[in-house]
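In this text, residue positions in the sequence shown follow this note's numbering: the first is 110, and each later residue adds one.
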Amino acid sequence: MNILAVESSCDETAVALVRDGRTVLSDAIASQVEMHTLYGGVVPEIASRKHIEAIYPLANQALEQAGLTRKDIDAVACTYAPGLIGAVLVGVNFAKSAAFGLNVPLIPVHHVRGHIAANYLTHPDLEPPFLCLCCSGGNTLIVDVRSYTDMALLGATRDDAAGECFDKVARVLGIGYPGGGPMDRLSQGGDPKKYALPRSKVDGAPLDMSFSGLKTAALNLIHNSRQKGETLDLPSFAASFAQAVADELVPRTMAAAAQLGYGKVACAGGVAANSTVRRALEEACARSGDRLYLPALSLCGDNGAMIGAQAYYEYLAGRRGDWSLNGCATRSIDLG
Ligand code: KG4
110 MNILAVESSC DETAVALVRD GRTVLSDAIA SQVEMHTLYG GVVPEIASRK
160 HIEAIYPLAN QALEQAGLTR KDIDAVACTY APGLIGAVLV GVNFAKSAAF
210 GLNVPLIPVH HVRGHIAANY LTHPDLEPPF LCLCCSGGNT LIVDVRSYTD
260 MALLGATRDD AAGECFDKVA RVLGIGYPGG GPMDRLSQGG DPKKYALPRS
310 KVDGAPLDMS FSGLKTAALN LIHNSRQKGE TLDLPSFAAS FAQAVADELV
360 PRTMAAAAQL GYGKVACAGG VAANSTVRRA LEEACARSGD RLYLPALSLC
410 GDNGAMIGAQ AYYEYLAGRR GDWSLNGCAT RSIDLG
């Protein structure tokens, strides 16, 4: 089954063709990063307009790269939640029109479920159940993946997402947008114990996280050192920050994994590309005996292939969108 999959929830327009949920035939992406860099963050209205410009040529490009024609498309899928609503709606309306025009089923996909499915593309042997840490620019969740389409939310950030924190700190350091990649490169060789940064604890909800205190403490450290005319040891600052993020994410993930006892732990989303988080998960899983599944670096960020992968399993479970399908800015992952 060939699924044409569309992703437009933030600042990447992406269209992919995926066969039977596991084989990527093409994965075309048009990034808007250059445009949003001018503003130091995503400008939602600009994102929507850029998606409109990019999506149709990108779909043709995806077909061409796959060596397929429109007649070979068996279903059309799209991210319909969560995301920047104007941006999501561009993909939803494109997918609705394409499915209507081609007379094929329409499959709505939850964006974070798509991130989880990036692991099916990287690891052909991975099947649920497993525990997944989902950490990106907009979401930070610990998810019990009971089956391909039955998921339960075990823990989540109470405020900022992990990726958002990397972006805000990087912006104040002036090292680029989005900031996660530059912060990761800066941290190489730094001393992760040099700067003291806080770790959070949410009373009564041990698997929930908080990143706003960490973000504020990191920003204060930068501002205070500037005001005093001191020079921060930037690699050590970035390494200390990355370690603090990993300390929020990894122990909670491992506690949830131990509770469930599946023996399988996965990670998903843009922050799954972070070298400190990856290493911390590797070390923790080596200690616990859980098998670790990390997505290929190329599939950590937003892409269409992951939406096509999840769409196949949503289709098998009977999920269909109709012509009244709407986009949602927020939606819990367990609702699909
Ligand atoms: O998954 P993604 O592309 O978009 C969302 O669905 O949100 O994630 C983007 C986020 C950004 O905040 C970006 O800074 C972060 O992922 N990111 C990283 C790294 N690469 C991307 N964060 C930490 N370390 C990285 N290497």
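Yeah, the Cβ is synthetic: ideal placement off N, Cα and C, and Gly gets one too.
Quick caveat: nothing in here was measured; it's all calculated off a predicted structure.
Worksheet item: Is there at least one non-hydrogen atom of the ligand KG4 closer than 7 Å to the beta-carbon of Ser441?
Response: no
Worksheet item: DSSP three-state call for Glu116: helix, strand or coil?
Response: strand
Worksheet item: Is DSSP giving Arg179 helix, strand or coil here?
Response: helix
Worksheet entry | Reduced DSSP category for Pro291 - H, G, I as helix; E, B as strand; rest coil | helix
Worksheet item: From the DSSP output, which residues share a beta bridge with Gly430?
Response: Leu215
Worksheet entry | Proximal residues to Ala418 (C-beta, below 6 Å), its chain only, five neighbours per side dropped | Val127, Gly130, Ala226, Tyr229 and Leu230
Worksheet item: Excluding the five sequence neighbours on either side, which residues of its own chain have a C-beta within less than 7 Å of the C-beta of Ser384, listed in chain order?
Response: Asp293
Item to complete: Give, in chain order, every unbroken run of the beta strand (DSSP E) that is at least 3 residues long and sits entirely within the region 184 to 233.
Response: Within the region 184 to 233, the runs of beta strand (DSSP E) that reach at least 3 residues and sit entirely inside it are, in chain order, 184 to 190 and 215 to 219.
Item to complete: Please determine, among Asn248, Lys277 and Ile164, the residue with the shortest C-alpha to C-alpha distance to Arg267.
Response: Asn248
Discussion item. What does DSSP give as the partner residue(s) for Ser349 in the beta ladder?
Written reply: For Ser349, which the question treats as bridged, DSSP gives no partner whatsoever.
Worksheet entry | The alpha helix (DSSP H) enclosing Ala314, as first and last residue numbers | Where Ala314 is concerned, there is no enclosing alpha helix (DSSP H), given that its DSSP letter is neither H nor E.
Item to complete: Could you check if Gly176 is buried or exposed, using at least 16 other CB atoms within 10 Å of its CB as the buried criterion?
Response: exposed
Item to complete: Would you mind working out which of Pro301, Gly298, Gly299 and Phe320 sits nearest Arg308, comparing C-alpha positions?
Response: Minimum Cα distance to Arg308 is reached at Phe320.
Worksheet item: Enumerated in chain order, which unbroken segments of the beta strand (DSSP E) with a length of 3 residues or greater are wholly contained in the region 234 to 308?
Response: 239 to 244, 249 to 254 and 260 to 265
Discussion item. Comparing C-alpha positions only, which one of Asp443, Ala270 and Trp432 sits nearest to Asn212?
Written reply: Trp432
Worksheet item: Hey, quick one: how far does the beta strand (DSSP E) through Val151 stretch, first residue to last?
Response: First-last for Val151: undefined, no H or E at that position.
Discussion item. I want to know whether the region 168 to 188 touches the region 322 to 333 - three or more CB-CB distances under 8 Å.
Written reply: no
Worksheet entry | Unbroken alpha helix (DSSP H) run spanning Thr132, endpoints | Careful: Thr132 lies outside any alpha helix (DSSP H), inside the beta strand (DSSP E) at Thr132 to Ser140.
Worksheet entry | Enclosing alpha helix (DSSP H) for Glu121 [first to last residue] | In the DSSP annotation of this structure, Glu121 is not part of any alpha helix (DSSP H); the continuous beta strand (DSSP E) holding it starts and ends at Glu121 to Arg128.
Item to complete: Below 8 Å on the Cβ atoms is my guess for Leu147 versus Leu434; work out the distance and round it to an integer in Å.
Response: With a Cβ gap of about 33 Å, Leu147 and Leu434 do not count as contacting.
Discussion item. With three or more beta-carbon pairs closer than 8 Å as the criterion, would you say the region 151 to 162 touches the region 230 to 240?
Written reply: no
Practice prompt. In angstroms with no decimal places, state the Cα-to-Cα distance between Leu250 and Ala395.
Written response: 22 Å
Fill in: Reduced DSSP category for Ala375 - H, G, I as helix; E, B as strand; rest coil
Taken through DSSP and simplified to helix, strand or coil, Ala375 comes out as strand.
Item to complete: Could you pull the start and end residues of the beta strand (DSSP E) that Arg400 belongs to?
Response: Arg400 to Tyr402
Practice prompt. Give the range of the alpha helix (DSSP H) segment to which Thr439 is assigned.
Written response: For Thr439, no alpha helix (DSSP H) encloses it, and the DSSP letter there is neither H nor E.
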